[in-house]
Each structure stands twice: as C-alpha cells, then as structure tokens.
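Q: Residue numbers (the working numbering): 1 to 459.
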Ligand code: URP
Ligand code: ZN
Ligand code: ZN
C-alpha cells in the first residue's frame with residue numbers, strides 16, 4: 001500500500017516547508033519537493049497543512065471512576081479522537097489494591113484491543129509494598145515507561161509520600177517517568193465533609209472544597225520528593241496559576257519537572273460550575289475549574305514552556321444517566337469530562353488563530369513534545385523518513401461549530417457546546433491507513449496497536 005500527499009505545507013514543531021510526502025507500508029518513505037513516485041492513492045493537499053498526528057497522553061477510556069465507568073470505550077473514544085486529528089493516545093491502566101501490576105497491564109491490553117488508533121499505557125500505581133518494587137521494572141520491559149501516582153482521593157487512589165518517593169527513586173533508576181495527580185487529598189476530604197455538613201451539596205462545592213492552594217501544596221511537595229529522589233517528574237492536568245508557579249520555580253532551578261494542562265482549564269471556569277439547575281455537574285472534573293483569571297496564566301505557561309503539553313484528561317460520563325447520581329450530593333458526581341475529539345481544533349483556533357501561540361508551538365504541544373516525553377519519538381510526533389505514517393491533513397479554513405449533536409464521543413453533552421472554530425482535520429492517516437476523510441469514517445475497531453514506549457530521556 002502506498003500513498004502520495006502532494007502540494008501541502010509540511011508543518012513541524014520548528015519549520016514549515018512546502019513538501020510532498022510518500023508513504024509505503026505504513027511508514028514515511030520519502031519527503032521532498034515534487035516527489036514522482038507512483039502511489040496507489042494520491043491526495044492533493046493544496047492550501048492545507050500536513051502535520052504529525054496529534055498524540056493525547058492523558059485519556060481514561062472504559063475506566064472505572066467513582067462507582068461507574070467512563071462512557072467511551074477504546075473503540076468509540078479512539079474513533080472520536082481520530083475525527084479530531086489524534087492518531088495515538090496513552091491511556092491509564094489502573095491497579096486495584098493487591099493486584100499485581102503485570103496482571104493489570106494484561107487486563108488493560110485486553111480492553112484496549114478494540115482501539116482504532118495506536119495506544120500506549122501508563123500504569124496508575126495505588127499499592128506497592130517494598131518487596132514488589134521490581135514489578136515496576138517488568139512494566140518498563142513491556143514498554144510501559146510511565147507511572148501515575150495520586151496525592152488525592154484517600155482510601156481509593158491516594159498513596160503516601162514515602163511510597164511516592166520509593167516509586168520516584170526506582171523510576172529514575174529504570175528510565176521511567178512518574179506522573180502525578182497533585183492535590184492535598186486529606187485536607188480536601190475535611191473540607192468536603194464540612195461542606196456537606198453545612199448543607200452545601202451543589203456542583204460548585206466540588207471546586208470550593210478543592211481550592212488552588214490544595215493543588216499548589218501537593219505540586220510543591222511532590223517536586224521536593226522528586227528532587228530528593230533525583231527523578232524527573234511530570235505533573236498532569238495543571239489547573240491553577242498557583243500550581244504553575246511551583247513548576248516554574250522548580251524548572252528555573254534546573255529540576256527536570258514537566259507539566260501539562262488541558263483544554264477545560266483554558267476554556268471553562270468556575271462560572272460553568274455555577275450554571276443553572278444541575279447543569280454545573282457537566283463541569284465537575286478534577287482538579288476543578290478555576291476562576292477565569294487562571295486561564296491567562298496557563299496560556300502564558302504554554303508560551304514560555306513552563307507547560308510543555310496539552311492533553312485532554314478525556315473521562316466522559318453521560319449527564320442524564322451518570323452525572324445525575326450526584327443531584328443531591330456533589331461528591332457522588334463522577335469526576336471527569338469529554339474532550340478527546342476537540343483538543344487540536346480548540347488549540348488551533350483559540351491558540352494559533354487568536355495569536356496566543358505559533359503554528360509550530362501548536363504542533364509541539366499536541367504532538368512532538370508528548371512523543372518525546374513519553375518515549376514515542378521519532379516513531380511518532382514528527383514527519384520524517386522512517387517514522388510511522390501518522391499524518392493529519394489540516395484545513396486551516398474549515399469552519400466548525402462544536403456540538404454534542406455532531407461530535408463522535410459517546411456522551412450526551414459537550415463542554416464546548418456552540419463554540420465556533422476555524423481549522424479542522426480533513427484527512428487523518430494512521431500508520432498509512434486513511435481512517436478519516438472529509439467527515440467519513442474509514443477506520444476499523446482493532447486496527448490500533450499497543451505501542452511499546454522507549455525509556456524516558458531528559459528533554
Ligand atoms: O476528573 C477527572 N480528571 N477524572 C479522571 C481522573 C483523573 O484524576 O485524572
Ligand atoms: Zn488525575
Ligand atoms: Zn486523568
């Protein structure tokens with residue numbers, strides 16, 4: 001199978017070059033001006049950008065959360081991702097207490113079999129006694145080179161500081177990257193109990209009981225543990241200016257601390273949690289949405305490279321049948337929201353079109369740096385000879401109104417309902433297969449492969 005993409009502008013994290021791209025057997029075989037190879041399929045990309053497929057390193061598909069399961073499985077979620085221009089995800093396998101990590105990995109790979117695009121897995125570690133530390137080594141051997149730990153959700157996902165420190169130290173010695181969900185879980189639990197006792201049960205109390213300082217404190221603490229362990233650290237879903245400041249301080253001192261934010265923190269705010277009736281439940285995700293002034297700080301972080309990645313934390317639940325569980329008690333609202341389909345278009349429109357970031361920075365944030373940090377580069381995240389042919393033909397002029405009535409995610413609402421964006425994925429190619437073309441689905445369940453990721457190396 002061969003494919004020739006002609007007359008496009010190839011855009012990387014550094015350059016834009018008018019080039020053709022020749023793909024053979026799923027791999028980029030040649031790049032250059034006016035290629036003349038004969039191909040089974042020829043695509044005219046005149047007036048379009050040709051970019052490396054977007055990579056979403058933070059998704060929760062078919063995931064058990066708060067007594068229910070996220071509503072997109074690996075088939076529906078990755079199909080929606082592809083419509084938006086994402087050709088690879090890294091999802092989270094989640095350990096239950098007492099479970100061996102290799103068993104968890106096996107179970108998640110089975111779930112992920114229906115994936116339509118390539119996928120990697122991080123491992124959420126909730127229980128790791130001293131004598132099981134070597135189980136982490138086995139994961140790295142299997143290509144699972146990042147682990148996630150929680151300082152939030154006591155009794156469910158939270159682990160103690162000493163265990164986090166042990167994991168950081170081991171990870172550093174075996175070439176893995178520790179990702180942290182950083183909020184002060186026990187203080188939040190106290191604030192939650194007090195809110196409920198005072199009769200404060202509506203969705204906005206989800207945010208009011210998790211103020212920015214609870215995020216910043218935990219970020220600061222885990223950065224300190226990483227320094228002690230001489231380990232790199234990746235902070236997931238940074239939501240506040242306060243937490244960002246901790247990351248900036250550490251990076252200024254030369255510590256290898258990396259961080260992501262997510263579209264919901266750039267485009268939604270506390271006001272959404274205060275929507276009429278129970279609508280605010282749609283916006284209950286963790287860390288919570290903040291006052292809108294935090295958004296400018298996060299954009300600044302994306303510009304200055306204090307934040308290096310935008311992921312989605314896609315974790316959808318139906319409003320009518322799942323979020324509703326918390327009608328009388330915000331703590332029973334499953335935490336999470338949808339977004340796997342919208343990240344490239346939101347970042348492009350509000351970032352590139354509105355001059356907040358450059359075209360190259362956009363490619364960097366959604367594809368190249370995620371690939372580098374998580375051991376996928378240069379197979380993915382870059383269009384170069386020998387790389388996987390994960391390619392998006394991006395139409396910078398295509399207008400689109402985001403809506404639950406037209407999106408492909410399996411969920412009955414959109415966080416971005418009614419937002420108008422210009423710029424969208426027109427054709428999406430995953431390892432040489434055209435899987436989306438002008439709004440038509442040409443992919444299939446099960447075509448995605450598990451990606452064994454390389455060990456972490458300093459960026
Ligand atoms: O609300 C969220 N983010 N749900 C998913 C789990 C997590 O903490 O990332
Ligand atoms: Zn998290
Ligand atoms: Zn998450």
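Don't be surprised by glycine CBs; every beta carbon is placed ideally from N, CA and C.
1. According to DSSP, which residues form a beta bridge with residue 124?
2. I need the DSSP call for residue 424, collapsed to helix, strand or coil.
3. Would you check if there are 3 or more beta carbon pairs closer than 8 Å linking the region 444-454 to the region 132-149?
4. Assign residue 25 to buried or exposed, taking buried as 16 or more other Cβ atoms, counted over all protein chains shown, within 10 Å of its Cβ.
5. Please find out if some non-hydrogen atom of ligand 1 comes closer than 7 Å to the beta-carbon of residue 355.
6. Quick check on this structure: which residue in 50, 125 and 284 has the alpha carbon closest to the alpha carbon of residue 177?
7. Got a list of residues with beta-carbon closer than 6 Å to any non-hydrogen atom of ligand 2, in chain order?
8. I need the straight-line Cα distance from residue 242 to residue 217, nearest angstrom please.
9. May I ask you to report which of helix, strand or coil DSSP gives residue 363?
10. Please name the residue in 244, 416, 409 and 267 whose C-alpha comes closest to that of residue 316.
11. Please name the residue or residues paired with residue 259 in a DSSP beta bridge.
12. Can you tell me which of 415, 110 and 116 puts its alpha carbon nearest to the alpha carbon of residue 267?
13. Which of the three DSSP states, helix, strand or coil, is assigned to residue 137?
14. Starting from residue 49 and walking both ways along the beta strand (DSSP E), at which residues does that stretch end?
15. Alpha carbon to alpha carbon, how far is residue 458 from residue 37? Give it in angstroms, no decimals.
16. Over the uninterrupted alpha helix (DSSP H) stretch that includes residue 272, give me the two end residues.
17. Using the Cα positions of residue 343 and residue 20, report the straight-line distance between them to the nearest angstrom.
18. Have a look at residue 390 and residue 112 and give me their C-alpha separation to the nearest angstrom.
19. Identify the continuous beta strand (DSSP E) that holds residue 117 and give its terminal residues.
20. Please say whether residue 432 and residue 23 have beta carbons closer to each other than 8 Å?
21. Mapping the DSSP letters down to three states, classify residue 309 as helix, strand or coil.
22. Based on the DSSP secondary-structure assignment, which residues constitute the bridge partners of residue 374?
23. Counting Cβ pairs, one atom from each stretch, are 3 or more of them under 8 Å apart for the region 257-265 and the region 286-297?
24. Quick one: is residue 197 buried, meaning 16 or more other Cβ sit within 10 Å of its Cβ, or exposed?
25. How far does the alpha helix (DSSP H) with residue 219 in it extend, from its first residue to its last?
26. Quick one: Cα of residue 300 to Cα of residue 39, how far?
27. Can we say the region 57-64 touches the region 383-403, given the rule of at least three CB pairs closer than 8 Å?
28. Consult DSSP for residue 496 and reduce its assignment to one of helix, strand or coil.
29. Since residue 298 and residue 307 should fall inside the 8 Å C-beta cutoff, what is the C-beta to C-beta distance between them, to a whole number of angstroms?
30. Could you tell me whether any non-hydrogen atom of ligand 1 is closer than 7 Å to the CB of residue 336?
31. CB-CB under 6 Å to residue 150, same chain, minus the five flanking residues each way: which ones, in chain order?
32. Taking residue 369 and residue 309 to be in contact with their CB atoms under 8 Å, please state how far apart those CB atoms are, rounded to whole angstroms.
33. Which residues does DSSP list as the beta-bridge partners of residue 181?
34. Let me check understanding here. Comparing Cα to Cα, which of 154, 320 and 311 lies closest to residue 239?
35. Cα separation between residue 89 and residue 209?
36. With H, G and I counted as helix, E and B as strand and the rest as coil, what does DSSP make of residue 156?
A: With the given structure in hand:
1. Stepping through the chain shown from its first residue, residue 124 is reached at position 124. Paired residues: 94 and 148.
2. As a working mapping, residue 424 is identified with position 424 in the chain shown. Strand at residue 424.
3. yes
4. The residue labelled residue 25 in the question sits at position 25 within the chain shown. Per the 10 Å Cβ criterion, exposed.
5. Here residue 355 is taken as the residue at index 355 of the chain shown, counted from 1. Outside the cutoff, so no.
6. The residue labelled residue 177 in the question sits at position 177 within the chain shown. The candidate whose alpha carbon is nearest that of residue 177 is 125.
7. 181, 236 and 237
8. Here residue 242 is taken as the residue at index 242 of the chain shown, counted from 1. Here residue 217 is taken as the residue at index 217 of the chain shown, counted from 1. Their backbone Cα atoms lie some 9 Å apart in a straight line.
9. In the chain shown, counting from the first residue as 1, residue 363 sits at position 363. Three-state result, residue 363: helix.
10. Mapped onto the chain shown, residue 316 falls at position 316. Comparing Cα-Cα distances from residue 316 to each of 244, 416, 409 and 267, the minimum goes to 409.
11. Along the chain shown, one-based indexing puts residue 259 at 259. For residue 259, which the question treats as bridged, DSSP gives the partners 235.
12. Here residue 267 corresponds to residue number 267 of the chain shown, with the count starting at 1. Residue 267 has its Cα closest to that of 415, out of 415, 110 and 116.
13. In the chain shown, counting from the first residue as 1, residue 137 sits at position 137. Reduced to three states, the DSSP call for residue 137 is helix.
14. In the chain shown, the residue the question calls residue 49 occupies position 49. 49-52 is the extent of the beta strand (DSSP E) around residue 49.
15. One-based indexing of the chain shown puts residue 37 at position 37. One-based indexing of the chain shown puts residue 458 at position 458. Whole-angstrom Cα-Cα distance: 38 Å.
16. The count along the chain shown starts at 1 and reaches residue 272 at position 272. Segment 270-273, the alpha helix (DSSP H) holding residue 272.
17. Counting from one through the chain shown, the residue named residue 343 turns up at place 343. Counting from one through the chain shown, the residue named residue 20 turns up at place 20. Straight-line Cα distance between these residues: approximately 26 Å.
18. On the chain shown, position 390 is the one that residue 390 refers to. On the chain shown, position 112 is the one that residue 112 refers to. The straight-line gap from Cα to Cα measures roughly 19 Å.
19. Within the chain shown, the letter at position 117 stands for residue 117. Note, residue 117: premise wrong, no beta strand (DSSP E); not H, not E.
20. Here residue 23 corresponds to residue number 23 of the chain shown, with the count starting at 1. Here residue 432 corresponds to residue number 432 of the chain shown, with the count starting at 1. Yes.
21. The residue you call residue 309 lines up with position 309 of the chain shown. Residue state, collapsed to three classes: strand.
22. One-based indexing of the chain shown puts residue 374 at position 374. Per DSSP, none; premise fails for residue 374.
23. yes
24. As a first step, residue 197 must be located in the chain shown, where it is residue number 197. Flag for residue 197 reads exposed.
25. Numbered from its first residue, the chain shown carries residue 219 at position 219. Note, residue 219: alpha helix (DSSP H), 212-229.
26. As a first step, residue 300 must be located in the chain shown, where it is residue number 300. As a first step, residue 39 must be located in the chain shown, where it is residue number 39. Their Cα atoms are separated by approximately 44 Å.
27. no
28. Past the edges of the chain, shown from 1 to 459, lies residue 496, and the structure says nothing about it.
29. Residue numbering aside, residue 298 sits at position 298 when the chain shown is read from its first letter. Residue numbering aside, residue 307 sits at position 307 when the chain shown is read from its first letter. Contact flag correct, Cβ pair sits at about 7 Å.
30. Walking along the chain shown from the start, residue 336 turns up at place 336. Yes, ligand 1 has a heavy atom inside 7 Å of this Cβ.
31. Looking up residue 150 in the chain shown gives position 150. If we look at residue 150 and ignore the five residues flanking it on each side, its Cβ neighbours are 157, 158 and 181.
32. Residue numbering aside, residue 369 sits at position 369 when the chain shown is read from its first letter. Residue numbering aside, residue 309 sits at position 309 when the chain shown is read from its first letter. Confirmed, about 6 Å.
33. Reading the chain shown from its first residue, position 181 is the one you call residue 181. According to DSSP, residue 181 bridges with 150.
34. Residue mapping note: residue 239 aligns to position 239 of the chain shown, counting from 1. If we check each option's Cα against that of residue 239, 311 comes out closest.
35. For the purposes of this step, residue 89 is identified with residue 89 of the chain shown, where counting begins at 1. For the purposes of this step, residue 209 is identified with residue 209 of the chain shown, where counting begins at 1. Distance between the alpha carbons of residue 89 and residue 209: 31 Å.
36. The residue given as residue 156 occupies position 156 in the chain shown. DSSP places residue 156 in coil when its eight states are reduced to three.
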